[in-house]
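*Asks:* Numbering-wise, the sequence shown is residues 0 to 403 according to numbering that gives the first Met the number 0.
Dropping a structure here in structure tokens format, bear with me for questions.
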Amino acid sequence: MPPAIRRLFPWLLLGLLVAGGLIWSFWPRTVPVEMATVTRGPLRVEVTDEGRTRVREIYQISAPVAGRLLRIEKHAGDSVEGGKTVVADLLPASPAFLDVRTHAQAETAVKSATAMRNLAASFEKRMVAELAFADSDLKRAKKLAESDAISRAGLERAELAYNVAVAQLATARAALQTKEFDLQTAKASLIDPTAPLGPRARIPLIAPVSGRILRVLHESESVVAAGTPIMEVGDPQLLEVVAPFISEDAVKIRVGAAALVTDWGGPEALEGRVRRIEPSGFTKASALGVEEQRVNVLLDFQDTSVKRPPIADGYRVIVHITVWENPDALRVPASALFRSGKGWAAFAIRNGHAALTPVTVGHGNDSFSEVLGGLAAGDKVIVHPSDRVHDGVKVAGVQGQAIP
0 MPPAIRRLFP WLLLGLLVAG GLIWSFWPRT VPVEMATVTR GPLRVEVTDE
50 GRTRVREIYQ ISAPVAGRLL RIEKHAGDSV EGGKTVVADL LPASPAFLDV
100 RTHAQAETAV KSATAMRNLA ASFEKRMVAE LAFADSDLKR AKKLAESDAI
150 SRAGLERAEL AYNVAVAQLA TARAALQTKE FDLQTAKASL IDPTAPLGPR
200 ARIPLIAPVS GRILRVLHES ESVVAAGTPI MEVGDPQLLE VVAPFISEDA
250 VKIRVGAAAL VTDWGGPEAL EGRVRRIEPS GFTKASALGV EEQRVNVLLD
300 FQDTSVKRPP IADGYRVIVH ITVWENPDAL RVPASALFRS GKGWAAFAIR
350 NGHAALTPVT VGHGNDSFSE VLGGLAAGDK VIVHPSDRVH DGVKVAGVQG
400 QAIP
């Protein structure tokens, strides 16, 4: 080899290596991607929120009058029969203690009522005597009238006097009875507050409906005011679910919509149906402290299971309500879609290359979206595309998410 070429050989070799490295670095590479297939099948859109179970009809038993509630021997869960089971006993409130002045006034009122009663009794005795006299006078007048010894007018005056005496005696007896009642009323104000009440004073509180005791609000003996809640009774077999949905989700729900109840503690979801959507919303703070407008949605369980699940009043559940459903929708995984301008797009695989494809989507959930245009059944799309994927890049796909 000539010396000149020998000196240039290392440089030529270095140039070839650099050129090869540049060619290798700029040579198009195949990008590995995860792909899925666009298919037709059922697609359901749901709104989900947390709810709780409750007895549909709860009856609250309250104290009808102020008094002393005796200790309740019943417990939550006990069975009751409507109109028969006594769930509690109430003693009316004892009279209040009187101060010295009020006590003296009450004693004076008793003395006054006693005097008025005695006066009425004396008047009644007088009327009895006058009636006896009128009766004997009428008998004499009748005998005299038989022998024409008295005029007919005289007989009629005797009869009138007798009738007036009868009426006056009835009036006197009614007045005496009134004064007796006034005396009893005056004596009632002096009843000793520490005196024991008779057995007839006890007021039994009876269960209004058949079912079970749900809650005992006052178990120990205590003094209660009129209207104080004592316990709640209901039928735990008649359950409903109340779920406070965000208002923007509630407007999508319709009465009669199908629902699933999950996370109640069992392995299977329970079927339900929306019975009512309350017309008024309310403000509720989220776990992050953000105020949200919520609307209560009420659901009934469907009697499709062989036996009712062991849940009762106040249990936490998760409610899924169907707001849209298509049994034969063209579906694409939601992870294959991304925003492109003002619309949606996906990378379809065409001849081993990624093709940026605008997609028109309709309804969708967290997993899949409805395809209205841009893709067809059987098309392969890239899911979770990385920043290495762009229009026209060569890709090598592996089957990823399977669509049921």
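Think of the CB as a built atom: it goes at the ideal place given N, C-alpha and C, for glycine as much as any other residue.
The structure displayed is predicted, hence computed values, not measured ones.
Please state the DSSP three-state secondary structure of Val64.
*Replies:* Taking the first residue of the sequence shown as 1, we reach residue 64 at position 65. Three-state DSSP puts Val64 in coil, outside helix and strand.
*Asks:* Who are the Cβ neighbours of Glu56 in its own chain at under 8 Å, not counting the five residues just before and after it?
*Replies:* Here residue 56 refers to the residue found at position 57 of the sequence shown. Cβ within range, chain order: Val208, Gly233, Asp234 and Leu237.
*Asks:* Is DSSP giving Ala284 helix, strand or coil here?
*Replies:* As a first step, residue 284 must be located in the sequence shown, where it is residue number 285. Ala284: strand per DSSP, three-state reduction.
*Asks:* Would you kindly check if the distance between the Cβ of Thr36 and the Cβ of Gly264 is under 9 Å?
*Replies:* For this step, residue 264 is matched to residue 265 along the sequence shown. For this step, residue 36 is matched to residue 37 along the sequence shown. Going by C-beta atoms, Gly264 is not nearer than 9 Å to Thr36.
*Asks:* What are the boundary residues of the beta strand (DSSP E) that Arg43 is part of?
*Replies:* Counting from 1 along the sequence shown, the entry for residue 43 is found at position 44. Segment Thr38 to Val54, the beta strand (DSSP E) holding Arg43.
*Asks:* Would you kindly work out how many angstroms separate the C-alpha atoms of Ala148 and Arg125, rounded to a whole number?
*Replies:* Along the sequence shown, read from residue 1 onward, the residue named residue 148 stands at position 149. Along the sequence shown, read from residue 1 onward, the residue named residue 125 stands at position 126. The alpha-carbon atoms of Ala148 and Arg125 are separated by roughly 30 Å.
*Asks:* Quick one: Cα of Arg156 to Cα of Ala133, how far?
*Replies:* Stepping through the sequence shown from its first residue, residue 156 is reached at position 157. Stepping through the sequence shown from its first residue, residue 133 is reached at position 134. Computed Cα separation, rounded: 10 Å.
*Asks:* Is it the case that the CB of Pro384 approaches a heavy atom of the ligand COA more closely than 8 Å?
*Replies:* Looking for the ligand COA in the displayed structure turns up nothing, as the structure carries no ligands at all.
*Asks:* Does chain C have any CB closer than 9 Å to the CB of Asp390?
*Replies:* Among the chains in the structure shown there is no chain C, since it carries only a single protein chain.
*Asks:* For a test of the three-state rule: what should DSSP assign to Asp134, helix, strand or coil?
*Replies:* What you label residue 134 is simply residue 135 of the sequence shown in a count that begins at 1. Of the three classes helix, strand and coil, the one that applies to Asp134 here is helix, per DSSP.
*Asks:* Per DSSP, what kind of secondary structure is Ala258 in: helix, strand or coil?
*Replies:* The residue labelled residue 258 in the question sits at position 259 within the sequence shown. DSSP places Ala258 in strand when its eight states are reduced to three.
*Asks:* Hey, out of Ser279, Leu259 and Thr282, whose CA is closest to Asp299's CA?
*Replies:* To locate residue 299, count along the sequence shown from 1; it is residue 300. Residue Leu259 is the option with its Cα nearest to Asp299.
*Asks:* With distances taken between CB atoms, is the gap from Leu189 to Leu130 smaller than 9 Å?
*Replies:* Start at 1 with the first residue of the sequence shown, and residue 189 comes out as number 190. Start at 1 with the first residue of the sequence shown, and residue 130 comes out as number 131. No, these two residues do not count as a Cβ contact at 9 Å.
*Asks:* Pop quiz: Val46 and Lys283 are said to be a contact at Cβ under 8 Å. What is the actual Cβ separation, rounded to whole angstroms?
*Replies:* Position 47 of the sequence shown, counting from 1, holds the residue named residue 46. Position 284 of the sequence shown, counting from 1, holds the residue named residue 283. Contact doesn't hold; Cβ gap of about 16 Å is too wide.
*Asks:* Judging by CA-CA distance, which residue of Ile320, Asp365, Gln104 and Phe244 is the nearest neighbour of Lys186?
*Replies:* On the sequence shown, position 187 is the one that residue 186 refers to. Considering only alpha carbons, the answer is Gln104.
*Asks:* Give me, in chain order, the residues of the same chain whose beta-carbon lies closer than 7 Å to that of Pro357; leave out the 5 immediate sequence neighbours on both sides.
*Replies:* As a working mapping, residue 357 is identified with position 358 in the sequence shown. For Pro357, where only same-chain residues beyond five positions count, the Cβ hits under 7 Å are Ser339, Gly342, Ala344 and Gly373.
*Asks:* Measure the CB-CB distance between Phe244 and Arg293 and report whether it falls below 9 Å.
*Replies:* By one-based count along the sequence shown, residue 244 stands at place 245. By one-based count along the sequence shown, residue 293 stands at place 294. Yes, the Cβ-Cβ distance between Phe244 and Arg293 is below 9 Å.
*Asks:* Based on Cα-Cα distance, which residue from Lys110, Val318 and Gly351 lies nearest to Ile381?
*Replies:* Walking along the sequence shown from the start, residue 381 turns up at place 382. Of the listed residues, the one whose Cα sits closest to Ile381 is Gly351.
*Asks:* Per DSSP, what kind of secondary structure is Glu155 in: helix, strand or coil?
*Replies:* Here residue 155 is taken as the residue at index 156 of the sequence shown, counted from 1. Reduced to three states, the DSSP call for Glu155 is helix.
*Asks:* Just mark Arg253 as buried or exposed, buried being the case when its beta carbon has 16 or more other beta carbons within 10 Å.
*Replies:* As a working mapping, residue 253 is identified with position 254 in the sequence shown. It is exposed - the Cβ of Arg253 has fewer than 16 other Cβ atoms within 10 Å.
*Asks:* Which residue from Thr170, Leu90 and Leu154 puts its Cα closest to that of Ala120?
*Replies:* Taking the sequence shown and counting its residues from 1, the one referred to as residue 120 is at position 121. When only C-alpha atoms are compared, the closest one is Thr170.
*Asks:* Excluding five sequence neighbours on each side, which residues of the same chain lie with their C-beta closer than 6 Å to the C-beta of Ala206?
*Replies:* As a position in the sequence shown, residue 206 is number 207, starting the count at 1. Val79, Gly81, Thr84, Val86 and Val232, listed in sequence order.
*Asks:* Just to confirm my understanding: we take Glu218, look at its own chain, exclude 5 residues before and 5 after, and list those with CB closer than 6 Å. What are they?
*Replies:* Within the sequence shown, numbered from 1, the residue matching residue 218 stands at position 219. Exclusion of the five residues before and after Glu218 leaves Ile71 as the residues of its chain whose Cβ lies within less than 6 Å of its Cβ.
*Asks:* When the Cα atoms are used, what is the spatial distance from Ala65 to Leu216?
*Replies:* Mapped onto the sequence shown, residue 65 falls at position 66. Mapped onto the sequence shown, residue 216 falls at position 217. Rounded to the nearest angstrom, the two C-alpha atoms are 16 Å apart.
*Asks:* In whole angstroms, what separates the C-alpha of Ile276 from that of Val240?
*Replies:* Within the sequence shown, the letter at position 277 stands for residue 276. Within the sequence shown, the letter at position 241 stands for residue 240. Those two C-alpha atoms are separated by around 12 Å.
*Asks:* Using the rule of at least 16 other Cβ atoms within 10 Å of the residue's Cβ for burial, across every protein chain shown, is Ala140 buried or exposed?
*Replies:* For the purposes of this step, residue 140 is identified with residue 141 of the sequence shown, where counting begins at 1. Buried, since its Cβ has 16 or more Cβ neighbours within 10 Å.
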